[in-house]
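Working notes, structure below.
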Amino acid sequence: MTNASDAGAKLADGGYAVRVAASIAEFSRDEWSRLSGAAKGQSGTPYNPFVSFDFLNILEESGCAVRKTGWQGHHLRLEASDGTFLGALPCYAKSHSQGEYVFDHGWADAFERAGGRYYPKLQCSVPFTPATGPRLLAVAETDATRARSALATALRSVAEGLGVSSAHVTFAPAEEVEVLDAAGFLRRTDQQFHFINEGFGCYDDFLATLASRKRKALKRERREALAAGISIEWLTGRDLTEAVWDDFFAFYMDTGGRKWGRPYLNRTFFSLIGERMADDVLLVMARRGGRYIAGAINFIGSDTLFGRNWGCIEDHPFLHFEVCYHQAIDFAIERKLKVVEAGAQGEHKLARGYRPVTTQSAHYIVHPGLRRAVAEYLERERQEVAEIGEYLEDHGPFRRG
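Residue numbers (the working numbering): 61 to 461.
Structural data, given as structure tokens:
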């Protein structure tokens with residue numbers, strides 16, 4: 061693979077230059093905070109904590125997203141011809157396809173059986189985070205359309221220059237996928253389940269939108285989840301002590317070890333998040349018998365609550381649904397957030413009032429033969445995703461009419 065910095069420094073298009081940074085720390089905090097969507101208080105794109113300087117830098121500083129774990133930083137930096145900073149794209153050279161939630165293992169297997177080399181590849185995403193958010197990050201006061209187009213073109217050129225098989229931009233907003241599509245990327249869709257806050261004043265207002273049988277089922281489920289003397293606490297800001305993180309990390313490791321085999325995040329990550337992003341974090345913790353027994357971590361954007369990881373050390377009926385889904389709805393309604401994104405997959409969320417939502421990604425495949433095969437596959441897959449989405453929407457828990 062060609063040296064990243066050499067490949068990046070040679071790129072120039074339309075008066076722009078693109079360089080490749082091996083770490084988020086090569087950007088200044090001030091530079092990154094000027095990117096649309098990456099800092100609080102900006103007009104336009106809502107704040108997304110996962111593309112903030114702190115979150116991406118903590119992933120690297122903690123050792124979670126680094127070369128050793130197969131996530132080598134290859135972040136694109138967009139500059140004007142005079143060196144003025146105009147935009148960035150968080151990107152990693154990957155030696156595997158773990159921690160992405162948009163699955164291309166089949167593509168890799170087919171290409172390598174045919175004699176190709178699929179890895180390394182470029183992955184433009186937030187590691188271990190299946191949440192939609194901006195990827196083609198433009199400085200708020202610049203021409204965002206031109207900057208995003210330049211970043212999309214540069215990503216394709218960097219992939220070709222480095223000699224990798226492909227470049228993937230996952231969980232991108234639809235308007236960015238349009239830009240990537242124009243640059244020769246292939247569009248891919250998938251399904252998630254999100255709660256949409258229609259201006260509800262309380263949880264009962266939300267329940268009123270459901271069919272009678274579904275309302276009764278959810279009320280019973282919430283009662284039974286707490287029947288063993290369990291109470292729920294919301295912890296954020298100063299509440300996030302190291303003792304609390306110790307408890308939550310035990311939950312995370314238990315669930316991660318059983319479900320995935322190897323949890324992606326380490327204890328240092330959570331300490332740094334608590335130190336630098338405490339106001340962006342909501343821990344929903346379940347307590348019984350004087351100790352915490354379960355919890356879920358959420359991140360708070362300007363209009364969205366992003367549900368991430370859950371874990372427990374005691375099993376109780378429906379407690380997972382209460383901590384991860386019902387409490388998230390309660391918090392979103394109280395904070396007047398528009399959306400709850402509850403993570404990847406999970407049709408069981410539909411019965412809890414979460415609606416099917418189409419997520420999108422974009423993929424540039426360098427090899428012409430593999431690109432044709434993937435394009436044909438994605439055309440069929442998009443149709444299937446659309447049909448499933450329509451079916452699920454028609455069979456949701458909401459009242460007719």
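Quick reminder that beta carbons are idealized off the backbone N, C-alpha and C, glycines included.
Spatial neighbours of GLU284 in its own chain (CB-CB distance under 7 Å, excluding positions within 5 residues in sequence) are listed in chain order as PRO377 and PHE378.
Beta-bridge annotation (DSSP): GLN252 is paired with ALA404 and VAL417. Three or more beta-carbon pairs drawn from the segment 266 to 277 and the segment 438 to 458 are found closer than 8 Å, and the two stretches are therefore classed as touching. Straight-line measurement puts the Cα of ASN108 at about 15 Å from the Cα of ILE333. Going by C-alpha positions, GLU121 is about 27 Å away from CYS372. In this structure, DSSP gives ILE393 a helical state, which the three-state scheme calls helix. For ARG137, the closest alpha carbon among the candidates ARG415, GLU439, LEU116 and TYR76 is that of TYR76. Excluding sequence positions up to five before and after GLU293, its CB lies within less than 7 Å of the CB of MET345 and ARG347, all in the same chain and listed in chain order. In this structure, the CA atom of ALA422 is about 8 Å from the CA atom of ALA232.
Where VAL239 is concerned, the enclosing alpha helix (DSSP H) starts and stops at 234 to 242. Comparing C-alpha distances from ASP454 to each of GLN443, LEU410 and GLY429 shows the shortest one belongs to LEU410.
Beta-bridge pairing by DSSP links ALA153 to GLN132 and LEU182.
In the three-state reduction of the DSSP assignment, HIS423 falls in the strand class, which pools E and B. HIS376: not part of any beta strand (DSSP E); DSSP gives it neither H nor E. 7 Å or more divides the Cβ of LEU246 from the Cβ of ALA219. Contact between ARG216 and ALA243 holds, since their C-beta atoms are separated by about 6 Å, short of 8 Å. Less than 7 Å divides the Cβ of ASP114 from the Cβ of ARG336. Close CB contacts of HIS254 within its chain, under the 8 Å cut and outside five residues either way in sequence, are with VAL399, VAL400, GLU401, ALA402, TYR414, ARG415 and VAL417 (chain order).
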